[in-house]
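In structure tokens, the structure reads:
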């Protein structure tokens, strides 16, 4: 092997070694990002569930209020029809 062939072989080896090193660094960072993304996804899911529960309870309260509306309207009509006793005396 000549001198320039040996130098070229060393250069190729160094490039491969550096590439493997960067691959390991990227792999480690990917694992960290995956963990953070999973935690963020779980937090988002929990937050969505809380919002859904809150909206569901508000919807149920509105439905109950709508059920009571005819009764309130009937009471208002009765109050408007009743004679004013104080004025008659």
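Residue numbers (my numbering): 170 to 258.
Ideal Cβ positions, reconstructed from N, Cα and C, are used throughout, including at glycine.
Judged by DSSP in its simplified three-state form, residue 188 adopts helix. In the structure shown, residue 171 falls within a coil segment according to DSSP collapsed to helix, strand and coil. Residue 234 and residue 240 have their alpha carbons spaced roughly 10 Å apart.
Cα atoms of residue 213 and residue 194: separation of roughly 29 Å, rounded to the nearest angstrom. Taken in chain order, the complete beta strand (DSSP E) segments of 3 or more residues contained in the segment 199 to 229 number zero; there are none.
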